[in-house]
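Enquirer: Numbering (full-length UniProt numbering), first residue to last: 1 to 546.
Beta carbons are placed, not taken as given, at the ideal position from N, Cα and C, and that holds for glycine.
Here the structure is a predicted model, which is why all the values come from computation and not from measurement.
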């Protein structure tokens, strides 16, 4: 394959913080590279550096091909200019079912699809995508996977989506501990190789530590012999010269052996395996506020004469864990905004007046970006300030970030910063709109674990099937302009065999298959069978909508 771009000894520093250093690699034509790493590792910065938006602190990024065309689709943007659309962009928007209305009036998923369509339509030599599956429903993600597999150029993408990375990546770049690891294969292949390498490194380190202990023991023993010989030479009357010469010979032998052993020590260079960051959330609701938290009656909402949902009626009890599921543009975020009083609608919405609610929006720009965590979470006492700083440490922040403006944080770190507010305030109800967007895998898994034990009420919008399965027990299904409430263990009865029920059953089964797909070996027979079943379920859902 033709080489497009070279990176030679590239480093990038932010003040005294080294994001990555001495990176040397290359980009080849036709590669689909998955760039992974924890929040704050520098993934988005790396893309911006390749795009020419920022320059490396040291090193060189060298195009091999003349007039190399590079395009980038950012994960979030405050401003977006649609401009004149090409035929390909229009076709992509139609296939993705993005409504023809101003960008600011689109849902989160529709905005992502609009940006992706513009990027894909450019037909760049290198297309860079930053968290492209954020906000996307399953159908949209499948469509994107097919588009990337058919893309003629090279793709470099940042993602924390395991299934997506396994489906598209031909190579993995992992930013770890300030270095870039280059691996040929998908995400599962990389994680398997990483595990084997870490186990091998730890064995080598353990063996060398045993060798160090043995050598140091021998050196100590030799020193003891030498000291004993010198002590004897001063005590043996009449034989002092003999013992003195013996002690000198012993000294020479000791020094010779010491040098040899010290050289052996110098050869020992295996480092211990650096432990992965332990991210820790802890959320507790303050008090319970009664049986009924929310009651909705005959709720109807339209947008530009297009109904999102009609005459929805249901009740949510305190302590319920509710997932809002449905395709992009079905009204999930709009419903949350109605709930929080940010939008109006026809019908009645009653909220328990005594409930304290924390609302995590999708927006990562609504934080005071010029403030530092020390100002945002200002505390009166040293003890309370220490509690906040300890929480930041558990969430993977460095000590220096306590006094750095929030605008310097990665998108994932901003999400964690917003979550900190609700952790500290012990809200009784958490309303979370796409909470796993931008979070790295350890943070997602820890948030899953924490919310699964949360004793308050949850309303969660998410397309992450692992996340909603582990954290919720009730569904609000947004489909065909309806909102239906259903417990996850409900079994549809024959007399309720409506189109909506069929769709829910198919969608639930497809999510289950998708979860198994991400755990299966891509080269196995199980993977092929699951992939076939997933495509068949997708086809049935499309037929149901036609």
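#1: With the cut-off set at 8 Å, would you say residue 75 and residue 131 are in Cβ contact?
#2: Just the Cα atoms here: how many angstroms apart are residue 16 and residue 38?
#3: Exposed or buried, what is residue 534 when buried is set at 16 or more other beta-carbons lying within 10 Å of its beta-carbon?
#4: Rounded to whole angstroms, how far is the Cβ of residue 430 from the Cβ of residue 412, which I believe are closer than 8 Å?
#5: Among 309, 350 and 61, which has the Cα closest to the Cα of residue 334?
#6: So, are the CB atoms of residue 322 and residue 312 less than 8 Å apart?
#7: Under 8 Å between the Cβ atoms of residue 462 and residue 44?
#8: By how many angstroms is the C-alpha of residue 482 removed from the C-alpha of residue 306?
#9: For residue 463, which of helix, strand or coil comes out of DSSP?
#10: With DSSP collapsed to three states, give me the class of residue 327.
#11: According to DSSP, simplified to helix, strand and coil, what is residue 98?
#12: Once you ignore the five residues that flank residue 6 on each side, which residues in its own chain have a CB closer than 7 Å to its CB?
#13: What's the gap between the Cα of residue 273 and the Cα of residue 179?
#14: Specify, as a first and last residue, the run of the beta strand (DSSP E) that residue 184 falls within.
#15: Within 10 angstroms of its Cβ, does residue 365 collect 16 or more other Cβ (buried), or is it exposed?
#16: Starting from residue 415, trace the alpha helix (DSSP H) both ways and give me its first and last residue.
#17: Buried or exposed: which applies to residue 134, given that a residue is buried once 16 or more other Cβ atoms fall within 10 Å of its Cβ?
#18: Between 513, 319, 46 and 66, which lies nearest to residue 3 when the distance is taken from Cα to Cα?
#19: Exposed or buried, which one is residue 382 when buried takes at least 16 other CB atoms within 10 Å?
#20: Since I believe residue 182 is in contact with residue 153 (beta carbons under 8 Å), could you give me their beta-carbon distance rounded to a whole number of angstroms?
#21: Mind checking residue 161: buried by the 16 CB within 10 Å criterion, or exposed?
#22: In or out: residue 490 buried (at least 16 other Cβ within 10 Å) or exposed?
#23: Please say whether residue 405 and residue 392 have beta carbons closer to each other than 8 Å?
#24: Which whole-angstrom value is the C-beta distance of residue 506 and residue 541, which I expect to be below 8 Å?
#25: Thinking residue 11 and residue 59 are a contact (beta carbons under 8 Å), I'd like their distance in whole angstroms, please.
#26: Relative to the C-alpha of residue 420, which candidate in 378, 452, 175 and 441 has its C-alpha closest?
#27: Mapping DSSP to helix, strand and coil, what is residue 340?
#28: With 16 other CB atoms within 10 Å as the buried threshold, where does residue 294 fall?
#29: Buried or exposed, going by whether 16 or more other CB atoms sit within 10 Å of the CB of residue 548?
#30: Could you give the C-beta distance for residue 222 and residue 196, rounded to a whole number, given that I count them as a contact under 8 Å?
#31: Please report the distance separating the alpha-carbon of residue 205 from that of residue 214.
#32: Would residue 166 be called buried (16 or more neighbouring beta carbons within 10 Å of its own) or exposed?
#33: In terms of alpha-carbon separation, which member of 544, 479, 224 and 465 lies closest to residue 254?
#34: How far does the alpha helix (DSSP H) with residue 145 in it reach, from first residue to last?
#35: What separation, rounded to the nearest whole angstrom, lies between the Cα atoms of residue 495 and residue 486?
#36: Identify whether residue 108 lies in helix, strand or coil by the three-state DSSP scheme.
Expert: On the basis of the data shown:
#1: The answer is yes: Cβ separation under 8 Å.
#2: The alpha-carbon separation between residue 16 and residue 38 amounts to approximately 19 Å.
#3: Residue 534 is buried by the Cβ-count criterion.
#4: Beta-carbon to beta-carbon, residue 430 and residue 412 are separated by about 18 Å, too far to satisfy the 8 Å threshold.
#5: Distances from the CA of residue 334 to each of 309, 350 and 61 were compared; the closest alpha carbon is that of 309.
#6: Note that the C-beta distance between residue 322 and residue 312 is not below 8 Å.
#7: Here residue 462 is not near residue 44, since their CB atoms are 8 Å or more apart.
#8: Going from the Cα of residue 306 to the Cα of residue 482 covers about 13 Å.
#9: In the displayed model, residue 463 falls within coil according to three-state DSSP, outside both helix and strand.
#10: Coil.
#11: Three-state result, residue 98: coil.
#12: Excluding residues within five positions, the ones whose Cβ falls inside 7 Å are 26, 62 and 64.
#13: Answer to the nearest angstrom: the Cα atoms are 15 Å apart.
#14: That run of the beta strand (DSSP E) goes 179-184.
#15: Exposed, by the Cβ-count rule.
#16: Residue 415 -> alpha helix (DSSP H) spans 411-425.
#17: The Cβ neighbour count for residue 134, taken over all protein chains shown within 10 Å, is at least 16; the residue is labelled buried.
#18: Nearest to residue 3 by C-alpha distance, out of 513, 319, 46 and 66, is 66.
#19: Counting every other CB atom within 10 Å of its CB across the protein chains shown gives residue 382 a total below 16, marking it as exposed.
#20: Between residue 153 and residue 182 the beta-carbon gap is near 20 Å, outside 8 Å, which marks them as no contact.
#21: With 16 or more Cβ atoms within 10 Å of its Cβ, residue 161 is classed as buried.
#22: Any reading at residue 490 needs caution, since the residue's pLDDT is 40, under 50, leaving its predicted position unreliable; the model's value is listed next. It is exposed - the Cβ of residue 490 has fewer than 16 other Cβ atoms within 10 Å.
#23: No, the Cβ-Cβ distance between residue 392 and residue 405 is not below 8 Å.
#24: A Cβ-Cβ separation of about 5 Å places residue 506 in contact with residue 541 under the 8 Å criterion.
#25: Between residue 11 and residue 59, the beta carbon gap of about 6 Å places them in contact (Cβ cut-off 8 Å).
#26: With distances taken between Cα atoms, residue 420 lies closest to 378.
#27: Coil.
#28: Looking at its Cβ environment, which holds 16 or more other Cβ atoms inside 10 Å, residue 294 is buried.
#29: Because the chain is modelled from 1 through 546, residue 548 falls outside the range shown and cannot be assessed.
#30: Cβ-Cβ separation between residue 222 and residue 196: approximately 39 Å, too far for a contact (criterion under 8 Å).
#31: For residue 205 and residue 214, the distance between alpha carbons rounds to 14 Å.
#32: Its Cβ being crowded by 16 or more others within 10 Å, residue 166 is buried.
#33: Comparing alpha-carbon positions, the option among 544, 479, 224 and 465 lying closest to residue 254 turns out to be 224.
#34: Its alpha helix (DSSP H) spans residues 138-149.
#35: Its pLDDT being 35, under 50, residue 495 is placed unreliably by the model, and the measurement read from it follows with that caveat. For residue 495 and residue 486, the distance between alpha carbons rounds to 16 Å.
#36: The DSSP-derived three-state label of residue 108 is helix.
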